[in-house]
Every structure is written in structure tokens, then in C-alpha cells.
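Enquirer:
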Amino acid sequence: RTGGASGPATTRPPPPVPDSAMPSRAGAATTAPRPAPPAASRFGLAVIAGSTRGQRYKLPVTGCVVGRQRGAILFADDAFVSPLHATFLVKDGALYVRDESSASGVFVTVGGTEALTPRTHFSAGQRLFRFTGRLEPQPPVTGRPAIYGAPVPLGQAVYGVEEMLVGGRAGRAVMTAAPLLTIGLAHCDLSFPGDEGLAGRHCELSPTPTGALLRDLSGGLGTYVRLASGVERPLRPGDRVRLGQHVLQVETLG
């Protein structure tokens, strides 16, 4: 476009290079030299769940954007992926992921344990949960009658977890003052016998002064925690990132 002042140029990161990419045919006519491909980083992403399972990507040093409509990696048929969902960044030789205010969130596997603050979402198997936080007793209000209810156990933290259904509605919930709250396939505080993605005792929560500690017990199946929007989470080889119904695993390339 000519005429008038133009704003600052927007630079898009170059796309990742799929392993399946093939060089152009020998002898093909060219009208201009092809630009040099972006320099590759030492990181790759393998799709291990979702409609594009088996696809692998080499990430450029500038990182890449993932979404349903925008980005270098597209999951066009995943209704739970936002048009612009997440960004993978390579900085100082390390890989990070950032949630770009997506509707369904970016989830990363828990490496052993993870501190949760109230209202944090986490995922196990095909289930989504929200940690409610501690339930503090309400002080009496002068001049008003007390509201009847079960007594709060003295010296114990009452906290809870609720299942989140499709559309953001709350489902089953468990409130407890026990030192552990367990989630799994069977014989847990929250049991889901039909979920093949769950271990028998998949994960557990224990209360802390500021929230709870989430512990993964899945034996490799994975427990995921949702990232706060805009926060850059460092990733290590083997970490998995869930975007909608797709799961990406971080790889290092030789």
C-alpha cells in the first residue's frame, strides 16, 4: 500500500519444518532463488494424541505459534483449540510455552509435584478438575441468626476439588478435611472406572497453607496443570503439552 504513514512492521516467526517435508524436484524451473530456511533449534515437537498423531516438527530458533486458524502449527479440526492458542518460544537455549488467552487453556505435565493455588485447573485422563481452595468458616454477623450446617473440623483444612464439564459447568465435587484427596480409576475420592487414560490411583492432593500440593502417581500416563494466561513455562525433553484434544511431546534433536 502506498501513501500515508505506516505503522511498525509485524514480524511473524517462520514456521516449523515438518519431518515429512520433501525437497523440490530436480530440474524444476525457478524464477527466483528460494529464501534460506529458518535456522532450526535443538527442539522438536511430536504429536502423540489427536487427529495429527505421528506428525513431528523441528522448531526454528524463533519458536512458533499454534492455533486452529493462525500459526505455523494448525489443528484446524479441534474444536477446543482457539484460533490463536499458544506460542512456543526458544530463549537462551531453553524452550518455553505461553498460553495466548485461549478459551480451553494450555496444560503441561506435572514433574512429580506441583503447587496449586485456589481455582487452578488440572487434568487427568480425559477429565478436567478445579481446585476450589480452602473453605474458611464464616464469622457470625452481629444481629443476624447463625446459618445451620455441619461443624468445621477443628484444626483441619477443609478443601475441595470439582470436576469441570464441557462448557465450563461444574460436575461432581468432593470436599474433605483429610490429609489426602485421591483421583483415579477406582477406590479413590473421585473415581472414574470408564476412563482408560487414568491409572488406578492417578494423582492426589494434600492441603498447604497457600493451597494444595498436586502429586502425579500415574506411572507415565501424565497429570497436567493449566498455565495462567501469558505466563512462560519452561519445558524439558519429555514434557507433554495439551492443547485441546492434541498432546505434543518435547523432543531434543541431534
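My numbering applies: residue 87 is where the sequence shown begins, and numbers increase by one.
The beta-carbon is built from N, C-alpha and C at its ideal position, and this holds for glycine as well.
Given the structure is predicted, the values throughout are model-derived calculations rather than measurements.
#1: Looking only at its own chain, which residues have a Cβ that is under 6 Å from the Cβ of Arg-184, when we skip the five neighbours before and after it?
#2: Out of Val-167, Glu-186 and Pro-225, which one is the CA nearest neighbour of Leu-175?
#3: Give me the DSSP bridge partner(s) of Phe-129.
#4: Taking the beta strand (DSSP E) that Asp-164 falls in, what are its first and last residues?
#5: Taking 7 Å as the limit between beta carbons, can you name the residues of its chain near Val-252, skipping five residues before and five after?
#6: Would you tell me roughly how many angstroms separate the C-alpha atoms of Glu-222 and Val-244, rounded to the nearest one?
#7: Would DSSP call Tyr-143 helix, strand or coil?
#8: Assign Pro-146 to buried or exposed, taking buried as 16 or more other Cβ atoms, counted over all protein chains shown, within 10 Å of its Cβ.
#9: Please go through the region 293-322 and give each complete beta strand (DSSP E) segment of 3 or more residues, from N-terminal end onward.
#10: Would you mind sorting His-288 into buried or exposed? The rule is 16 or more other CB atoms within 10 Å of its CB.
#11: Expressed to the nearest angstrom, what Euclidean distance is found between the alpha-carbon atoms of Tyr-182 and Val-327?
#12: Is Asp-178 buried or exposed, if buried means 16 or more other CB atoms sit within 10 Å of its CB?
#13: Tell me which residues share the same chain as Ile-159 and place their Cβ nearer than 7 Å to its Cβ, disregarding the 5 neighbours each side in the sequence.
#14: Give every residue of the same chain whose Cβ lies closer than 7 Å to the Cβ of Arg-156, excluding the five residues on either side of it in the sequence, and list them in chain order.
#15: Would DSSP call Gly-219 helix, strand or coil?
#16: Mapping the DSSP letters down to three states, classify Cys-289 as helix, strand or coil.
#17: Could you check if Glu-282 is buried or exposed, using at least 16 other CB atoms within 10 Å of its CB as the buried criterion?
#18: Work out the CA separation of Thr-199 and Arg-322 for me, nearest whole Å.
#19: Can you give the beta carbon distance from Gly-308 to Asp-164, rounded, assuming they're within the 8 Å contact cut?
#20: What is the rounded straight-line gap between the Cα of Gly-286 and the Cα of Leu-303?
#21: State the start and end residues of the unbroken beta strand (DSSP E) segment that holds Phe-208.
#22: For the candidate residues Tyr-310, Gly-280, Ala-298 and Ser-315, whose alpha-carbon lies nearest to that of Leu-267?
#23: Among Ile-269, Ala-264, Met-261 and Arg-216, whose alpha-carbon lies nearest the alpha-carbon of Met-250?
Expert: According to the structure shown:
#1: These residues qualify, in order along the chain: Thr-173 and Glu-318.
#2: Comparing C-alpha distances from Leu-175 to each of Val-167, Glu-186 and Pro-225 shows the shortest one belongs to Glu-186.
#3: Partner(s): Thr-338.
#4: In the DSSP annotation of this structure, Asp-164 is not part of any beta strand (DSSP E), being labelled neither H nor E.
#5: Contacts found: none.
#6: Cα to Cα, Glu-222 sits roughly 8 Å from Val-244.
#7: Correct three-state label for Tyr-143: strand.
#8: So Pro-146 ends up on the buried side.
#9: Runs found: 297-302, 309-312 and 318-321.
#10: Classified as buried, His-288 has 16 or more neighbouring CB atoms from the shown chains inside 10 Å of its CB.
#11: Near 11 Å, if we compare the C-alpha coordinates of Val-327 and Tyr-182.
#12: By the neighbour-count rule (16 or more Cβ atoms within 10 Å), Asp-178 is not buried but exposed.
#13: The answer, listed in chain order, is Pro-102, Tyr-143, Cys-150 and Val-152.
#14: So the list reads Pro-169 and Leu-170, once near-sequence residues are dropped.
#15: Residue state, collapsed to three classes: strand.
#16: Taken through DSSP and simplified to helix, strand or coil, Cys-289 comes out as strand.
#17: With fewer than 16 Cβ atoms within 10 Å of its Cβ, Glu-282 is classed as exposed.
#18: Arg-322 and Thr-199: Cα-Cα distance of roughly 15 Å.
#19: Not confirmed; about 18 Å, so no contact.
#20: So the two alpha carbons sit approximately 9 Å from each other.
#21: 207-210 is the span of the beta strand (DSSP E), which, as asked, contains Phe-208.
#22: Considering only Tyr-310, Gly-280, Ala-298 and Ser-315, the residue with the shortest C-alpha distance to Leu-267 is Ala-298.
#23: Cα-wise, what sits closest to Met-250 is Arg-216.
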